[in-house]
Amino acid sequence: MRVCHTVREVRDFVRAARAEGLVGLVPTMGYFHDGHLALMHRARSECRTVVVSIYVNPLQFGPREDFRSYPRDPERDLRLAEGAGVDMVFMPDDGEMYPPGYATYVEVEGLTDKLCGRSRPGHFRGVATVVTKLFNIVRPDRAYFGEKDFQQALVIRRLAADLNLDLEIITVPTVREPDGLAMSSRNVYLSPAEREAATVLYRSLVKARDAILAGERTPERVRHILAATIAAEPLADLDYAEVYGLPWLAGLDRLEGEVLLAVAARVGRARLIDNLVVKVPPAEE
Ligand code: AMP
164 MRVCHTVREV RDFVRAARAE GLVGLVPTMG YFHDGHLALM HRARSECRTV
214 VVSIYVNPLQ FGPREDFRSY PRDPERDLRL AEGAGVDMVF MPDDGEMYPP
264 GYATYVEVEG LTDKLCGRSR PGHFRGVATV VTKLFNIVRP DRAYFGEKDF
314 QQALVIRRLA ADLNLDLEII TVPTVREPDG LAMSSRNVYL SPAEREAATV
364 LYRSLVKARD AILAGERTPE RVRHILAATI AAEPLADLDY AEVYGLPWLA
414 GLDRLEGEVL LAVAARVGRA RLIDNLVVKV PPAEE
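Be aware that the sequence shown starts at 164, since it is given in this note's numbering, and climbs by one per residue.
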């Protein structure tokens, strides 16, 4: 497995690889867990060459967020990537990504006004900018993203379509702990009691899904189930609890088609997110 630190090294590596078949890219911030590995395995099964980027992108963190303390363990990450059959890891530093004079940003409108975009101003501008740069550096045929960050994957689909990027965006289902908690690098922040409490996000989603499957069609009542379930957990502090229509997060008067249930809450130091896609059963005649 090659490790590249500069754009030039990546370009040289990928130029040769592209002649042999599909190139897949898995963008990450490192501190790997089974969710990251699922993306790598999917890429491995579909592409001749698998590239993983590891970069904690300062541009997508707010001034009061956890950029400095974000967990990092590059040596372990490299071992895990190698074990997953990755061909090359790109680990740039900030100077390589944002050299002095850097002034260009990618803004995806509309989709980014809600959910995490509302709670984290500037976050998706940072994500869209770094992902566009990674796409231009690696020029992959396919890029892999987790459904755990559902809004992020949508923002990237939108930007790839709008900017006519010649690549396919693939999304991979959320990998969970046995008790339902979505795997996240930030779970490492949780104390044992907080770790227990953190399952409330998934529990709220399951409860709301079950209500929809039992006939609930009012968005407001579904939001209430999500919010009330999370509010009942003393260690969790609700950020948002929402339901939107898919594919593009439409506001709904009544639930129909495919809907996204999405929640975010702070548990101790960790801001956690989770979501579930529900196919609303058609109304009975
Ligand atoms: P991150 O390192 O947190 O930026 O995540 C890198 C990629 O892994 C993103 O596409 C995430 O959506 C994806 N990812 C993170 N957690 C999970 C998970 N539990 N299951 C599936 N994919 C995930």
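Glycine included, every Cβ here is placed at the ideal spot set by N, Cα and C.
Item: Taking only heavy atoms of the ligand AMP into account, decide whether any of them is closer than 8 Å to the Cβ of V192.; Value: With the sequence shown as reference, residue 192 is identified as Met, and Val is not the correct amino acid for it. M192: yes, Cβ under 8 Å from the ligand AMP.
Item: Going straight from the alpha carbon of V294 to that of G258, what length do you get?; Value: 16 Å
Item: Evaluate T212 with the Cβ neighbour count: other Cβ atoms within 10 Å of its Cβ, from every protein chain shown; 16 or more gives buried, anything less gives exposed.; Value: buried
Item: For I452, I'd like the list of residues in its chain whose CB is within less than 6 Å of its CB, leaving aside the five on either flank, ordered along the chain.; Value: This structure cannot speak to residue 452, because the chain is shown only from 164 to 448.
Item: For I249, I'd like the list of residues in its chain whose CB is within less than 7 Å of its CB, leaving aside the five on either flank, ordered along the chain.; Value: At residue 249 the sequence reads Val, which differs from the Ile that was named. The answer, listed in chain order, is M164, M203, V213, V215.
Item: Is the beta carbon of D437 sitting closer than 9 Å to the one on T337?; Value: yes
Item: Would the stretch 264-278 count as touching the stretch 232-242 if we require 3 or more Cβ pairs under 8 Å?; Value: no
Item: Cβ-heavy atom distance between A446 and the ligand AMP below 8 Å?; Value: no
Item: Please classify E405: is it buried, with 16 or more other beta-carbons within 10 angstroms of its beta-carbon, or exposed?; Value: buried
Item: Would you list the residues sitting across from M251 in a DSSP beta bridge?; Value: R165, V214
Item: If you follow the beta strand (DSSP E) that V186 is part of, which residue opens it and which one closes it?; Value: 186-191
Item: Excluding the 5 residues flanking E310 on each side, which residues of the same chain have their C-beta closer than 6 Å to its C-beta?; Value: T334, P336, T337
Item: By alpha-carbon positions, which one of I217, V186, D400, D329 ends up nearest to T169?; Value: I217
Item: My understanding is that V430 touches L353, with C-beta atoms under 8 Å, so please give their C-beta distance in whole angstroms.; Value: 6 Å
Item: Among T392, E379, P382, T381, which residue has its Cα nearest to the Cα of S367?; Value: T392
Item: Give me the Cα-Cα distance between L326 and P382, rounded to the nearest whole angstrom.; Value: 33 Å
Item: What first and last residue would you give for the beta strand (DSSP E) that runs through K442?; Value: 433-442
Item: Label K296 either buried or exposed according to how many other C-beta atoms from any shown protein chain fall within 10 Å of its C-beta, with 16 as the threshold for buried.; Value: buried
Item: So who's on the other strand from D373, going by DSSP bridges?; Value: Partner(s): none; D373 has no beta bridge.
Item: Straight-line CA distance for E228 to V441?; Value: 31 Å
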